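Engineer: Got a structure here, written out as structure tokens. Questions coming.
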Amino acid sequence: MTKYEVMFIINPTLEDEKKDATVETVQSIIAADGEVEKVDVWGMRKLAYPIEKKEEGYYVVIEFAGSPSLPKELDRRLRISDNVMRHIIINKDEK
Numbered sequence: 677m678t679k680y681e682v683m684f685i686i687n688p689t690l691e692d693e694k695k696d697a698t699v700e701t702v703q704s705i706i707a708a709d710g711e712v713e714k715v716d717v718w719g720m721r722k723l724a725y726p727i728e729k730k731e732e733g734y735y736v737v738i739e740f741a742g743s744p745s746l747p748k749e750l751d752r753r754l755r756i757s758d759n760v761m762r763h764i765i766i767n768k769d770e771k
């Protein structure tokens, strides 16, 4: 299994329950084809530049291991999610 890291920014205007549900959804997507190693919720942070006219975002970082097809599926699901403003997936094994 290859090690990856995903960082995503959740829309700050959502209620706390919906933010938690979004994090749980991402974890379930990962758990279906891999394993979640570490979840690090950074919380509200100021953005470097406005996204969708918002100055802040709710940051979450998840470290996980999975098959090479897992990041493609995770990327596809995060792109169509209305709750996630931005995301990035990094292969930690690749140097």
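Each residue of the sequence shown is one higher than the one before, counting from 677 in this note's numbering.
C-beta atoms are modelled at their ideal positions from N, C-alpha and C, and glycine is treated no differently.
Since this is a predicted model, take the numbers as computed values, not measurements.
Comparing C-alpha positions only, which one of Thr-689, Glu-691, Val-712, Asn-759 sits nearest to Pro-747?
Structural biologist: Walking along the sequence shown from the start, residue 747 turns up at place 71. Residue Val-712 is the option with its Cα nearest to Pro-747.
Engineer: Could you give the distance in angstroms between the alpha-carbon of Glu-728 and the alpha-carbon of Pro-688?
Structural biologist: For the purposes of this step, residue 728 is taken as residue 52 along the sequence shown, with counting starting at 1. For the purposes of this step, residue 688 is taken as residue 12 along the sequence shown, with counting starting at 1. Cα to Cα, the separation comes out at about 11 Å.
Engineer: Which of helix, strand or coil does DSSP assign to Asp-716?
Structural biologist: The residue given as residue 716 occupies position 40 in the sequence shown. Note: Asp-716 maps to strand in three-state DSSP.
Engineer: Could you pull the DSSP bridge partners for Glu-732 from this structure?
Structural biologist: The residue given as residue 732 occupies position 56 in the sequence shown. Note: Glu-732 sits in a beta bridge opposite Lys-722.
Engineer: Buried or exposed for Val-775, please, with buried defined as at least 16 other CB atoms from any protein chain shown within 10 angstroms of its CB.
Structural biologist: The requested residue 775 is not part of the displayed model; the chain covers only 677 to 771.
Engineer: When we look at the beta-carbon of Lys-714 and count the other beta-carbons within 10 Å, is it buried (16 or more) or exposed?
Structural biologist: The residue given as residue 714 occupies position 38 in the sequence shown. So Lys-714 ends up on the exposed side.
Engineer: Which residue wins for smallest C-alpha separation from Val-699, given the options Lys-722, Leu-750, Glu-731, Ala-724?
Structural biologist: Stepping through the sequence shown from its first residue, residue 699 is reached at position 23. Minimum Cα distance to Val-699 is reached at Leu-750.
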